[in-house]
Every structure is written in structure tokens, then in C-alpha cells.
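2 protein chains.
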Amino acid sequence: MSVESITSLQNPRIKNLVRLRDRRPRDKQKVFPVEGFRAIRRALEQRVPILELYYAPDWFLGTNETEVIDRVAASGARLFELSKPVFAKIAYRDRPEGLLAMVDQWETTLSDLKLGTPPFLLVVESIEKPGNLGTILRSADAAGVDAVIVCDPVTDLFNPNVVRSSTGVLFAVDVAVAPSKTVLEWLRERKIRIAATTPHTRNVYTRADLTGPLAIVMGSEQHGLSGTWLDACDQPIRIPMAGQADSLNVAMATLVTLFEAVRQRGTDAY
Amino acid sequence: MSVESITSLQNPRIKNLVRLRDRRPRDKQKVFPVEGFRAIRRALEQRVPILELYYAPDWFLGTNETEVIDRVAASGARLFELSKPVFAKIAYRDRPEGLLAMVDQWETTLSDLKLGTPPFLLVVESIEKPGNLGTILRSADAAGVDAVIVCDPVTDLFNPNVVRSSTGVLFAVDVAVAPSKTVLEWLRERKIRIAATTPHTRNVYTRADLTGPLAIVMGSEQHGLSGTWLDACDQPIRIPMAGQADSLNVAMATLVTLFEAVRQRGTDAY
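Chain order of the listed sequences is A and B.
Everything in the first sequence is counted per our numbering, starting at 34 for the first residue and increasing by one.
Everything in the second sequence is counted per our numbering, starting at 34 for the first residue and increasing by one.
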């Protein structure tokens with residue numbers, strides 16, 4: 034296998050990888066960086082095409098890295114071996130593992146989604162923190178939703194901290210990105226019932242009917258759900274909370290709501 | 034109010050605050066640092082005695098800081114105003130807010146716990162990541178448990194990242210720290226039933242009886258629960274999961290299990 038060596042911080046590929054931490058160059062080039070053993074292995078498992086792999090043996094934590102490199106090489110990616118300081122420059126983690134892949138962005142359109150019978154969707158509106166979006170993807174995966182629909186995103190799906198906090202689940206869960214109004218119309222056309230979470234209702238989520246064709250809708254960290262969703266929903270729901278009002282953040286509230294729906298729906302996992 | 038000014042990085046108080054990032058000096062001095070507006074305000078709300086307050090107006094994000102400083106001063110703490118670079122040195126956050134308090138550690142003994150009728154406890158064994166322990170405290174607070182019992186801790190309760198990720202809930206939730214075997218005996222004496230989470234059971238958590246005197250027990254990130262708990266528990270329980278096996282981490286699994294117990298127990302929050 035052919036490997037190019039990079040030892041200069043001035044190398045244009047290195048400069049570009051640093052630039053890709055920002056959304057605009059990421060979206061323009063239609064690629065994104067994926068760092069770390071677990072996330073890259075998951076990309077391989079999900080047959081996500083890897084364009085390039087950058088690695089630095091000086092940072093490796095174990096001995097499994099070689100196998101990942103071989104598999105990425107076999108898939109046709111270009112390989113680059115980096116010196117320790119050069120890798121440190123492109124790494125966005127505090128503790129680099131010496132592996133970073135460059136991956137193509139993919140289309141995230143509503144029309145590509147495959148729905149189950151009955152449909153079970155998670156919709157999130159304007160999530161601000163990449164860490165929350167990544168955790169929400171993990172929860173959605175564990176709950177077995179058909180897809181996650183990201184409305185009016187503030188953070189983009191291919192943000193390095195979304196990839197990291199999703200622990201690579203980003204590659205496994207179907208995701209669509211669209212404006213709230215488009216999604217609302219799309220759900221109505223398909224007769225999917227909308228359960229919108231808000232503190233301003235007496236309707237406790239465990240007493241709501243979360244069976245049948247369902248979209249659970251969660252709002253942003255700062256502002257909660259917009260009027261678009263609160264006015265249009267079939268049922269508002271809330272999670273009753275003891276203790277401090279802000280103990281559950283949006284990612285935690287999403288997890289609790291999804292698993293109550295799983296319980297009511299009695300899916301195969303049982 | 035009397036304020037001392039610190040502008041030297043060599044000031045012994047500054048050097049000591051940096052040292053307190055490590056557990057040993059923290060435990061020896063029986064104090065811990067608490068950083069940020071939200072956590073310090075929560076300490077005030079919970080009447081936790083603050084020994085010293087270090088602040089740097091150059092880092093303030095808003096205008097609420099003055100009120101917090103006044104309240105801390107009124108409580109009898111010593112005040113220190115720091116230059117921007119000196120505060121940057123003691124801050125452990127990426128984005129300092131210019132407020133850091135030094136607080137006394139407190140006793141965390143089993144005998145101090147007050148139990149509800151019936152008791153509802155969360156027990157965690159050997160949690161490794163401070164971020165997980167902090168999130169678990171938030172979940173426990175939201176679920177309204179009587180207390181969290183931390184067994185054989187790997188990370189200590191007063192770790193700066195526990196304080197941070199708990200968003201100050203550490204000051205609001207009753208916590209005891211003790212060895213697993215002591216806790217097990219303590220629970221048995223009180224006839225509190227033990228539900229131990231493990232992937233190695235067919236007993237789904239939503240079908241288990243989580244009412245009555247109950248302790249939910251969660252294991253460590255790497256190893257799950259030890260034999261001590263799995264052998265002794267009244268019922269093993271598991272959360273069924275779709276998707277990737279590791280999508281739910283221990284903090285997420287704790288949250289899901291606690292809220293199922295809350296649902297079954299039908300507490301006042303409903």
C-alpha cells in the first residue's frame with residue numbers, strides 16, 4: 034500500500050484540515066474530518082466511503098490501529114503518515130489517538146428517509162450545542178427510531194464535536210435536515226402524530242399516547258420549541274421533574290421521552 | 034467590603050488553587066474549587082459555606098456577577114480580585130467566567146442520609162469519568178431520589194469536572210460515599226430491594242417492579258457491576274437497546290432507569 038509522508042506544518046493538506054474545523058469550508062468542500070479509532074471503525078462498518086486517512090503511529094494508544102489502517106487502505110482511500118507534531122496540529126481532541134479520516138458529506142433530504150410501520154421519528158429544532166446533538170443521535174439509535182430530523186440547525190451535522198459526541202453513531206442513524214415548516218407539512222401528509230415537549234402543559238409524557246405513527250419533537254436549549262411546533266402539535270407533553278428546574282438538559286429530556294415511547298410501543302427489542 | 038488584589042502568578046494562593054486540581058491536595062486540605070456563575074449561585078442557594086471567592090471582572094460575561102460577589106461577601110467569605118492572566122491560570126474551564134469559589138468539603142457518610150417513605154436510592158459503583166458522575170447527579174436530582182450512594186469511587190465527588198458537569202446539583206443532592214460491601218449490608222438492614230442493571234439478564238426494566246423500598250444500582254463504564262452486586266441483588270434488570278451496543282453510556286442508562294422508576298412510583302411530581 035502506498036503511503037505519503039507529511040512532516041511539515043506548512044503542508045497544504047494540513048492547513049486545509051485545520052480549516053475544516055469551520056463550517057463554511059466544510060460545506061464548500063462537502064467533506065468532514067472524523068477523528069479517533071471508534072468513529073472511524075464505525076464509518077467502515079457502515080460502509081461510509083473514506084477519502085483520505087491521516088495517521089501518526091507516535092500517538093497510537095494500542096495495537097488495533099494497524100487493522101483499521103489496512104481496512105481503510107483496502108477500501109481505496111489515500112494514506113498519509115504524519116509526524117507527531119503535525120498530527121497534533123490537525124487533531125481536535127485533547128488526547129489524539131493518531132487517526133483522522135476525511136469523509137464525504139452525504140445528502141440529508143427528507144425524501145430519502147425510510148419509514149417503519151408505524152413510523153417512529155425524532156425531530157429536533159435548532160439545537161445549539163454540538164455535544165447535545167451528538168448525544169441525541171446516540172439516544173435515537175438506542176431507541177431504534179426510523180430517523181432523526183434536524184430542523185433549522187444551528188450546529189451542522191458534520192461538526193467535529195457532533196461526530197465525536199455521537200461516538201460515530203452519526204454513520205448509523207438516518208438523518209434528514211430541513212426547515213421546521215417543511216417538516217411539519219411532510220409529517221401531516223403522512224398522518225404522523227406530533228408530540229411536542231414543553232414545560233408549559235399539564236400533560237405528563239407517560240400518560241400521553243406515544244404509540245402509532247409518531248414524531249417526538251424537542252426544542253432548543255435556550256428557547257424550547259417555537260410556535261410553529263407548539264401550535265401545530267397533536268399533543269404537548271412534559272416530563273415532571275423533582276429538584277432543580279434545569280437538571281435535565283435537552284439531550285437528557287430527549288432520551289427519557291424516547292424510551293417511554295419505546296416502552297409503550299413494545300418493540301422487538303423486548 | 035474588603036478585597037485583596039492579586040496580580041502575580043507567583044502568589045502562593047494562586048499556586049495552591051492550581052494544585053487543587055489534583056485529588057490528594059484537595060482531600061488533605063478538605064476544600065475544593067467551584068467555578069462559574071451557575072455553580073456558585075447554587076452553592077449560595079443551598080447555603081453551602083464559601084470560604085474564599087476569587088474573581089476577575091475582565092472575564093465577566095454579564096452584569097449578574099456583582100450580585101453574586103455581594104452575596105458571597107455578605108456570607109463572610111474572603112474576597113480576592115484577580116488580573117485577567119492570573120484568573121486564566123486558576124480557571125479550569127476553557128471559557129472562564131471570572132468567578133471561582135473555594136468551598137469546604139463535607140462529610141458523606143451513610144448514617145447522615147434521610148430516607149423517604151418508601152426509600153428510593155441510586156447506587157453507583159466505581160464510576161470512572163467525572164463527567165458521567167456529574168450527569169448522574171443531575172439525573173438523580175431530576176428523578177427526586179432520596180440520595181445517591183457512590184461506592185468505591187474512582188473519581189472523587191469534589192473533582193472539578195464533577196462539579197462542572199453536575200452544574201452545581203452536587204450542592205443540592207444528598208450523597209454518601211462508602212465501600213460496596215458496607216452499602217449492601219446497610220440496604221439489607223433497611224429491607225431496601227436492590228435492582229441491579231446488567232446486559233446479562235432477560236428481565237426488562239419496564240417489566241420489573243420498581244415500586245416500594247428501592248435501590249437502583251449501576252456499574253462502572255468499563256466493567257459494569259461487580260459480583261458483589263450481581264450476586265446479592267433482588268432483581269437484575271436490563272434496558273433493551275436497538276442500534277449500536279454502546280449507544281447508551283452509564284449516565285444515559287441511569288437516567289432511563291430512574292425515570293422508569295419514577296413512572297412506576299407515581300410520585301408527587303405527577
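Glycine included, every Cβ here is placed at the ideal spot set by N, Cα and C.
In this text the structure is predicted, and so the values were computed from the model without any measurement.
Short CB-CB distance (under 7 Å) between residue i and chain A
i	result
MET274/B	yes
ASP15/B	Nothing in the structure corresponds to residue 15/B, since chain B is present only between 34 and 303.
GLY260/B	no
GLN255/B	no
VAL202/B	yes
DSSP bridge partner residues for residue i (one or two, in chain order)
i	result
THR261/B	DSSP, once it has assigned bridges, lists no residue as partnering THR261/B.
ILE39/A	LEU115/A
VAL67/B	ALA134/B
LEU247/B	PHE153/B, ARG226/B
ARG57/A	DSSP lists no partner for ARG57/A.
ILE270/A	THR230/A
ALA209/A	ILE182/A
SER253/B	GLY257/B
LEU86/A	LEU112/A, ALA134/A
VAL237/A	ARG271/A
GLU158/B	CYS184/B
Interface flag, residue i vs chain B, CB-CB below 7 Å
i	result
ALA175/A	yes
THR17/A	Only positions 34 to 303 of chain A appear in the structure, and residue 17/A is not among them; the question remains open.
GLN317/A	Residue 317/A is absent from the model: chain A starts at 34 and stops at 303.
LEU281/A	yes
ARG296/A	yes
Beta carbon proximity, residue i to chain D, threshold 7 Å
i	result
MET251/A	The structure shown contains no chain D; its protein chains are A and B.
Per-residue contacts from residue i into chain A (C-beta, under 9 Å)
i	result
ARG171/B	GLY276, GLN277, ASP279, SER280, LEU281, ASN282, MET285
Sufficient close CB pairs (3 or more, under 8 Å) joining the region 226-236 of chain B to the region 192-200 of chain B: no
Contact set between the region 230-241 of chain B and chain A, restricted to residues whose Cβ is under 7 Å from the partner: VAL237, THR239
Taking a Cβ distance cut-off of 7 Å, strictly less, list which residues of the region 203-224 of chain A are near chain B, in chain order. ALA205
Pairing CB atoms from the region 69-79 of chain B with CB atoms from the region 98-105 of chain B, are three or more of them under 8 Å? yes
Counting Cβ pairs, one atom from each stretch, are 3 or more of them under 8 Å apart for the region 242-262 of chain B and the region 285-295 of chain B? yes
Answer yes if the region 170-182 of chain B comes into contact with the region 273-281 of chain B, meaning at least three C-beta pairs across the two stretches below 8 Å, and no otherwise. no
Would you check if the region 85-92 of chain B and the region 125-140 of chain B touch, i.e. whether three or more CB-CB distances between them fall below 8 Å? yes
Should the region 253-260 of chain A be regarded as contacting the region 105-113 of chain A, the criterion being three or more beta carbon pairs within less than 8 Å? no
Looking at C-beta atoms only, is the number of pairs between the region 207-217 of chain B and the region 136-153 of chain B that lie closer than 8 Å three or more? yes
Quick check: the region 265-275 of chain B against the region 156-166 of chain B, are there 3 or more CB pairs under 8 Å? no
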